[in-house]
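2 protein chains.
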Amino acid sequence: MRTITIKDLGDLSVGATLLGTGGGGDPYIGKLMAEAAISRYGPITLLDVDELPNEGLVIPAAMMGAPTVMVEKIPNGGEILKAVSSLERTLGQKAVAIMTIEAGGINSMIPLAVAAQMGLPVIDGDSMGRAFPELQMTSFHVHGIRATPMALVDEKGNHLVIEAIDNPWTERLARTATVAMGGAAIIALYPMTTRQAKTAVVRGTINKAMALGRLLRDVSMSVEDRSQHLQQDHGGVEFFSGKVADVERHSGDGFARGTLACTGLGRYADSILRIEFQNENLIAILDGKVVATVPDLICVMDRETLIPVTTESLTYGHRVTVYGFPCDPVWHTSKGMDTVGPRYFGYGVDHTSLYSGV
Amino acid sequence: MRTITIKDLGDLSVGATLLGTGGGGDPYIGKLMAEAAISRYGPITLLDVDELPNEGLVIPAAMMGAPTVMVEKIPNGGEILKAVSSLERTLGQKAVAIMTIEAGGINSMIPLAVAAQMGLPVIDGDSMGRAFPELQMTSFHVHGIRATPMALVDEKGNHLVIEAIDNPWTERLARTATVAMGGAAIIALYPMTTRQAKTAVVRGTINKAMALGRLLRDVSMSVEDRSQHLQQDHGGVEFFSGKVADVERHSGDGFARGTLACTGLGRYADSILRIEFQNENLIAILDGKVVATVPDLICVMDRETLIPVTTESLTYGHRVTVYGFPCDPVWHTSKGMDTVGPRYFGYGVDHTSLYSGV
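Top to bottom, those sequences are chains W and Y. Quick note: the numbering used here has the first sequence finishing at residue 414, numbered continuously throughout. Quick note: the numbering used here has the second sequence finishing at residue 414, numbered continuously throughout.
Structure (structure tokens):
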């Protein structure tokens with residue numbers, strides 16, 4: 057058990073952006089919401105999942121939609137509480153803890169804001185160990201936990217409760233509703249018992265995000281030293297450095313989809329890296345060869361500072377360094393790879409280890 | 057008070073097809089469901105709205121979607137009960153009567169099926185006096201009654217409860233969900249008190265549909281005599297007779313939209329009639345002149361039998377007669393005309409009386 061105070065949010069924000077692998081939504085707005093909630097209601101208790109009681113209801117909360125929309129469609133502040141309370145009402149039970157669906161991006165912050173408001177602890181963990189674009193892409197799904205009942209709330213006051221036959225149907229119904237709501241919505245879903253949470257959560261990812269953020273923001277260290285730590289302490293692999301030549305994006309179907317192209321610099325001169333994304337970076341192709349794929353993390357960072365950069369803020373000429381990080385072992389299971397492997401996203405390749413090619 | 061038995065369903069079906077004005081969904085499948093329910097649970101009580109108690113909950117039930125899809129996406133039978141029960145659960149109250157949203161098309165039958173199952177009476181009336189394509193196009197909306205909480209259920213077992221900020225938002229959220237569910241869904245919506253129903257319902261439309269059906273199916277009368285009755289007893293105006301030259305349809309956005317073109321026969325020889333529809337017929341243009349528009353009813357009938365024909369079953373060469381019928385007075389109010397007048401559907405004309413031009 058530890059507490060999260062306002063001064064932790066800077067580190068968490070940077071670490072969560074790295075785990076967002078280009079997507080996840082810039083944590084900026086979520087950070088403002090968490091800051092406001094902590095300054096009003098006080099620090100938040102962060103619990104290891106084993107510190108939870110044996111019985112009780114856990115409710116995860118998040119924002120859903122295209123990151124490009126999320127950064128412009130600011131919640132009014134009441135939606136998260138409304139979404140979580142809606143599930144409590146539907147289930148006729150009060151939550152004992154709030155959980156994070158994805159440690160990457162804005163969804164590292166949304167649960168903190170509602171936990172502070174409700175005076176509930178947050179579990180140190182998530183269901184991805186990163187960010188993924190679709191609702192069924194969770195360790196909860198891999199462990200057979202249903203995403204519904206699920207509540208969706210928008211900033212105008214519209215409110216839906218979904219009961220779906222399976223998690224892919226939940227994704228489909230929630231995605232179309234999110235698009236109808238304007239491209240982003242606040243959600244509460246995967247309500248579960250503390251017992252289920254203990255089995256299914258990807259552990260320690262909030263602390264991990266804070267540690268990554270602390271490292272990347274530590275200007276007392278040189279970029280080279282920070283880079284060393286990323287490799288030694290976090291399994292990172294640098295596989296490219298260069299500048300952005302082109303970013304193509306479209307967001308019509310509730311996702312930000314597109315391609316990033318970079319030309320190499322330094323020891324990567326004459327190389328071209330292409331990254332394709334659906335909110336999050338899915339596949340990296342260096343000079344025609346696949347060098348990294350989901351579920352591993354493909355992270356684009358500023359070349360001079362190593363601060364991670366979200367896809368929507370990349371612009372022509374930006375100097376970047378690209379890293380891969382290994383995914384959580386849950387994704388190496390057969391159901392895990394079926395759910396988030398490159399073939400699910402339509403690529404005709406198998407996942408290969410980050411360490412095999414570079 | 058009277059009862060509806062299986063032998064009434066034939067008349068109701070034909071009359072409801074006429075009131076469906078080309079859309080509303082062919083009552084055939086609904087008729088099978090109502091027949092099955094009546095033969096299992098017994099006849100249904102049809103109540104005048106004034107026979108309802110002063111206090112109590114009334115729940116309307118319907119099918120939503122493109123009629124072209126409805127005729128191919130057959131409910132499994134449990135959806136209507138699930139949708140109505142879902143609203144009862146949400147509101148914490150049992151219904152005392154079932155109501156019809158639209159007397160035109162399949163939605164004349166859906167409420168009967170669930171009323172028989174639940175042993176509840178059906179109110180003799182609806183909210184349109186015909187069929188309209190969108191959820192807010194109801195006398196309930198004109199009287200300020202909210203469409204939500206609204207339940208949507210599909211044949212697979214998916215289930216949504218919507219709470220929207222207003223009725224156009226309900227339409228938007230329900231329409232996208234219906235499209236995601238495959239183009240058609242069973243809905244329960246506009247839950248209201250018996251007191252509200254007494255103010256807002258369009259009265260007597262179930263009996264009216266049965267009377268129309270009885271007339272149109274009465275083969276002891278000549279077509280000319282039936283035509284006379286349509287004009288004298290129901291205010292009908294014949295404004296065209298001819299054959300179908302072309303029907304263009306598309307159903308991508310949850311509606312069946314398109315245009316019907318007919319070339320004239322007999323006294324309409326050398327004339328061309330064009331009808332545009334969004335599920336229901338919206339506007340009829342004879343030789344370039346608007347002769348009828350929503351909210352009046354534009355009804356296409358078989359030329360030899362006067363049996364009404366839905367848009368999805370019209371084919372090249374079909375001999376048809378086209379009638380207009382006056383709409384319920386609720387649509388002549390300012391809010392009524394804003395909700396369903398020709399300008400709402402994007403036509404730059406005002407509604408003109410059926411009797412002015414022909």
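All C-beta atoms in this analysis are idealised placements derived from N, C-alpha and C, irrespective of residue type, glycine included. Fair warning: this is a prediction, and the values are worked out from it, not measured in the lab.
{"Check": "Have a look at K391(Y) and V300(W) and give me their C-alpha separation to the nearest angstrom.", "Outcome": "55 angstroms"}
{"Check": "Classify G81(W): buried if its beta carbon has 16 or more other beta carbons within 10 angstroms, exposed otherwise.", "Outcome": "buried"}
{"Check": "For V275(W), which three-state DSSP category applies?", "Outcome": "coil"}
{"Check": "Does the region 87-105 of chain W come close enough to the region 340-358 of chain W that 3 or more CB-CB pairs lie under 8 angstroms?", "Outcome": "no"}
{"Check": "Chain W partners of H197(Y), CB-CB under 7 angstroms?", "Outcome": "In chain order: nothing, as chain W lies at least about 17 angstroms away."}
{"Check": "Tell me the residue span of the alpha helix (DSSP H) that contains T146(W).", "Outcome": "135-147"}
{"Check": "Terminal residues of the continuous alpha helix (DSSP H) containing S95(Y)?", "Outcome": "84-97"}
{"Check": "In three-state terms, what does DSSP make of M184(Y)?", "Outcome": "coil"}
{"Check": "D281(W) CB to nearest chain Y CB: under 9 angstroms?", "Outcome": "no"}
{"Check": "Taking just the CA atoms, how far does I218(W) sit from G320(Y)?", "Outcome": "51 angstroms"}
{"Check": "Exposed or buried, G86(Y), counting other C-beta atoms within 10 Å across all chains shown (16 or more means buried)?", "Outcome": "buried"}
{"Check": "From which residue to which residue does the alpha helix (DSSP H) around N223(Y) run?", "Outcome": "223-236"}
{"Check": "Does the Cβ of I363(Y) have 16 or more other Cβ atoms within 10 Å, making it buried, or fewer, making it exposed?", "Outcome": "exposed"}
{"Check": "Within a Cβ cutoff of 6 angstroms, which residues of the same chain sit near R58(Y), ignoring the five residues on either side of it in sequence?", "Outcome": "L102"}
{"Check": "Let me make sure I understand the geometry here. Which of L329(W), G310(W), S297(W) has the alpha-carbon closest to that of R375(W)?", "Outcome": "S297(W)"}
{"Check": "By the 8 angstroms beta-carbon criterion, what residues does the region 210-227 of chain Y contribute toward chain W?", "Outcome": "K212, G213, N214, H215, L216, V217, I218, E219, A220, I221, W225"}
{"Check": "Could you tell me which residues DSSP pairs with D406(Y) in its beta bridges?", "Outcome": "DSSP lists no partner for D406(Y)."}
{"Check": "Would a check of beta-carbon distances place M237(Y) closer than 9 angstroms to chain W?", "Outcome": "yes"}
{"Check": "Does Q284(Y) pass the burial test, meaning 16 or more other C-beta atoms within 10 Å, or should it be called exposed?", "Outcome": "exposed"}
{"Check": "If the criterion is Cβ atoms closer than 9 angstroms, does the pair A340(W) and I331(W) meet it?", "Outcome": "yes"}
{"Check": "How far does the alpha helix (DSSP H) with K345(W) in it reach, from first residue to last?", "Outcome": "Taken as a continuous stretch (DSSP letters only), K345(W) belongs to no alpha helix (DSSP H), being part of the beta strand (DSSP E) at 345-349."}
{"Check": "Listing by chain order, which chain Y residues have their CB less than 7 angstroms from the CB of L229(W)?", "Outcome": "N214, L216, A233, A236"}
{"Check": "Assuming N263(W) and G79(W) make a contact with CB atoms under 8 angstroms, what is their CB distance in whole Å?", "Outcome": "Incorrect: roughly 22 angstroms between the Cβ atoms, too far for contact."}
{"Check": "Using a threshold of 9 angstroms, state whether the C-beta atoms of S195(W) and D384(W) are closer than that.", "Outcome": "yes"}
{"Check": "CB-CB under 7 angstroms to V414(Y), same chain, minus the five flanking residues each way: which ones, in chain order?", "Outcome": "With a pLDDT of 49 at V414(Y), under the threshold of 50, the modelled position of this residue cannot be trusted, and the question is left open."}
{"Check": "Sorted by chain position, which residues of the same chain lie with C-beta nearer than 7 angstroms to D326(Y)'s C-beta, five sequence neighbours on each side aside?", "Outcome": "G320"}
{"Check": "With distances taken between CB atoms, is the gap from I201(Y) to A153(Y) smaller than 9 angstroms?", "Outcome": "no"}
{"Check": "Could you give the first and the last residue of the continuous beta strand (DSSP E) run that contains S297(W)?", "Outcome": "293-306"}
{"Check": "When we look at the beta-carbon of P116(W) and count the other beta-carbons within 10 Å, is it buried (16 or more) or exposed?", "Outcome": "buried"}
{"Check": "Report buried or exposed for S278(W), applying the criterion of at least 16 other Cβ atoms within 10 angstroms of its Cβ.", "Outcome": "exposed"}
{"Check": "So, are the CB atoms of A187(Y) and L245(Y) less than 9 angstroms apart?", "Outcome": "no"}
{"Check": "Can you tell me whether DSSP reads A267(Y) as helix, strand or coil?", "Outcome": "helix"}
{"Check": "I'd like the span of the alpha helix (DSSP H) that includes Q173(W), first residue to last.", "Outcome": "166-174"}
{"Check": "Give me the Cβ distance between L268(W) and H290(W), rounded to the nearest whole Å; I'm assuming they're in contact under 8 angstroms.", "Outcome": "7 angstroms"}
{"Check": "Can you give the Cα-Cα distance for L216(W) and A240(Y), rounded to whole angstroms?", "Outcome": "18 angstroms"}
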